[in-house]
Amino acid sequence: MTSDLFGLVWLVVLLAGNAFFVAGEFAVLSARRSQIEPKADAGSKRAKKALYAMEHVSQMLAIAQLGITVCSLLLLLMAEPAIHHMLAVPFEALGLPDAASYVVSLVVALLLVSFLHVTFGEMVPKNFAVSVADRAVLLLGPPLVFLYRVFMPVIWLLNSFANLVLRAFRVTPRDEVISTFTLDELESIVAESKRGGTVTDDAGIIAGALDFTEHTADEIMVPVEELVTVPQDVTPKKVEKAVGRTGFSRFVVESESGTYSGYLHLKDVMALPEASVDSPIPVTVVRSLGNMRTGDDLDSCLAAMQASGSHLARVMDDSGATVGILFLEDILEVLVGEIHDITQARDSRRQHSVDNA
1 MTSDLFGLVW
11 LVVLLAGNAF
21 FVAGEFAVLS
31 ARRSQIEPKA
41 DAGSKRAKKA
51 LYAMEHVSQM
61 LAIAQLGITV
71 CSLLLLLMAE
81 PAIHHMLAVP
91 FEALGLPDAA
101 SYVVSLVVAL
111 LLVSFLHVTF
121 GEMVPKNFAV
131 SVADRAVLLL
141 GPPLVFLYRV
151 FMPVIWLLNS
161 FANLVLRAFR
171 VTPRDEVIST
181 FTLDELESIV
191 AESKRGGTVT
201 DDAGIIAGAL
211 DFTEHTADEI
221 MVPVEELVTV
231 PQDVTPKKVE
241 KAVGRTGFSR
251 FVVESESGTY
261 SGYLHLKDVM
271 ALPEASVDSP
281 IPVTVVRSLG
291 NMRTGDDLDS
301 CLAAMQASGS
311 HLARVMDDSG
321 ATVGILFLED
331 ILEVLVGEIH
341 DITQARDSRR
351 QHSVDNA
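UniProt numbering puts the first residue of the sequence shown at 1, with every later residue one more than the last.
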């Protein structure tokens, strides 16, 4: 009887051990780095160890699988015989022959141990770890790391052999779970989140951001024949009239030869002395244009214009000819939706030159 009770104690201990390794395995696989890294950066030792576990997934899975295998084998060796023996007594008391009692109690013991093992040793810890992965990895990651370091030689041997098998099938082993997504995967995640009600995108900002890289400079540029331009010798007074008529705050400067030498910003013109209102605007006030190609994607254009501080850029074709002007505001509108500028009527940039304003 004492040995049977001892077997039941082992049943509880081994089920708990199996549950620990299963939960730890799924926690390491399911946790998000974005939730753990801030805690690690803040100095949390537990978060640092959890992050280490997430960065060494192959080793953590090895120690988890080793623990699960050992616990499962010990359950059959120590817990099942105790339950088998305890069940055999009441079956014999019912008058069953010894052979029948042995078989029936064995089957019932195996079914009972299997049920407990699958339910409490596998399913419950797995669902727990997946449901609260970020908290579970903080709780279970550090012990896994400790056990890995204790059994490092064994884990190294098992992991090395597993990697050799993978390489034989031309599969590259990875130590860390891939946490990046393709654009199509992100679109699918956003669509599913919107259907589930966890994400709202009434303004279309998320959709615009995902579609952003699919657009190119020539798609949103203003063609040269539709530009609002000012001549190279334009005066502040003429710029003022152009602003009043168009509502625009930036104007491309066109030279006598028809090339574009830069652009004027309203605030630069307003900073000029009042005495120069009828004099040509100095060339030092003219801002330089960025240079883009027709096939450049918008994220590259945005990065280049931000780096140069330019709000406008000429768009050139393969021959180097300017075919249009790209406005920073138009790029941002593709990304976040229409921008309402109090200095701009926004009815259209497709107007004639203001040479005679």
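Glycine is no exception: its CB is placed at the ideal position from the N, C-alpha and C atoms.
Relative to the C-alpha of residue i, which residue among the options is closest?
{"i": "residue 361", "options": "136, 235 and 260", "result": "A question about residue 361 goes unanswered here, because the residues of the chain that appear run from 1 up to 357."}
{"i": "residue 326", "options": "262, 279, 275 and 55", "result": "262"}
{"i": "residue 19", "options": "164, 121, 306 and 4", "result": "121"}
{"i": "residue 281", "options": "233, 308, 323 and 131", "result": "233"}
{"i": "residue 45", "options": "10, 71 and 138", "result": "138"}
What residue range is occupied by the uninterrupted beta strand (DSSP E) comprising residue i?
{"i": "residue 231", "result": "229 to 231"}
{"i": "residue 313", "result": "312 to 316"}
{"i": "residue 264", "result": "260 to 265"}
{"i": "residue 221", "result": "Where residue 221 is concerned, there is no enclosing beta strand (DSSP E), given that its DSSP letter is neither H nor E."}
Identify whether residue i lies in helix, strand or coil by the three-state DSSP scheme.
{"i": "residue 254", "result": "strand"}
{"i": "residue 327", "result": "strand"}
{"i": "residue 278", "result": "coil"}
{"i": "residue 247", "result": "coil"}
{"i": "residue 78", "result": "helix"}
{"i": "residue 152", "result": "helix"}
{"i": "residue 32", "result": "coil"}
{"i": "residue 171", "result": "coil"}
{"i": "residue 309", "result": "coil"}
{"i": "residue 13", "result": "helix"}
{"i": "residue 355", "result": "Reliability fails at residue 355, whose pLDDT of 46 lies under 50, so the model's placement of it is uncertain and no value is given."}
{"i": "residue 320", "result": "coil"}
{"i": "residue 296", "result": "coil"}
{"i": "residue 290", "result": "strand"}
{"i": "residue 96", "result": "coil"}
{"i": "residue 142", "result": "helix"}
Quick one: does the C-beta of residue i sit closer than 7 Å to a heavy atom of the ligand COA?
{"i": "residue 112", "result": "The ligand COA is not among the ligands present in this structure, which contains no ligands whatsoever."}
Keeping to the same chain, check which residues put their C-beta closer than 7 Å to that of residue i; ignore five residues upstream and five downstream.
{"i": "residue 38", "result": "none"}
{"i": "residue 302", "result": "331"}
Tell me which residues share the same chain as residue i and place their Cβ nearer than 6 Å to its Cβ, disregarding the 5 neighbours each side in the sequence.
{"i": "residue 328", "result": "305 and 311"}
{"i": "residue 285", "result": "268"}
{"i": "residue 13", "result": "none"}
{"i": "residue 71", "result": "14, 17 and 18"}
What are the boundary residues of the alpha helix (DSSP H) that residue i is part of?
{"i": "residue 54", "result": "45 to 55"}
Quick one: what's got a C-beta closer than 8 Å to residue i's C-beta in the same chain, skipping five residues either side?
{"i": "residue 128", "result": "23 and 136"}
{"i": "residue 345", "result": "Per-residue confidence for residue 345 stands at a pLDDT of 41, beneath the threshold of 50, marking its modelled position as unreliable; no derived number is given."}
Note to self: Could you check whether the stretch 24 to 32 touches the stretch 59 to 67, counting it as contact only if at least three pairs of C-beta atoms, one from each stretch, sit closer than 8 Å?
What the structure shows: Yes, since at least three Cβ pairs between the stretch 24 to 32 and the stretch 59 to 67 fall closer than 8 Å, the two stretches touch.
Notebook entry, point to check: Between the stretch 312 to 320 and the stretch 288 to 299, do three or more beta carbon pairs fall short of 8 Å?
Noted result: Flag = yes, the stretch 312 to 320 and the stretch 288 to 299 touch.
Next item on the list: Give a yes or no on contact between the stretch 71 to 84 and the stretch 103 to 115, applying the rule of three or more CB pairs nearer than 8 Å.
Entry: Counting Cβ pairs under 8 Å, three or more are found: they touch.
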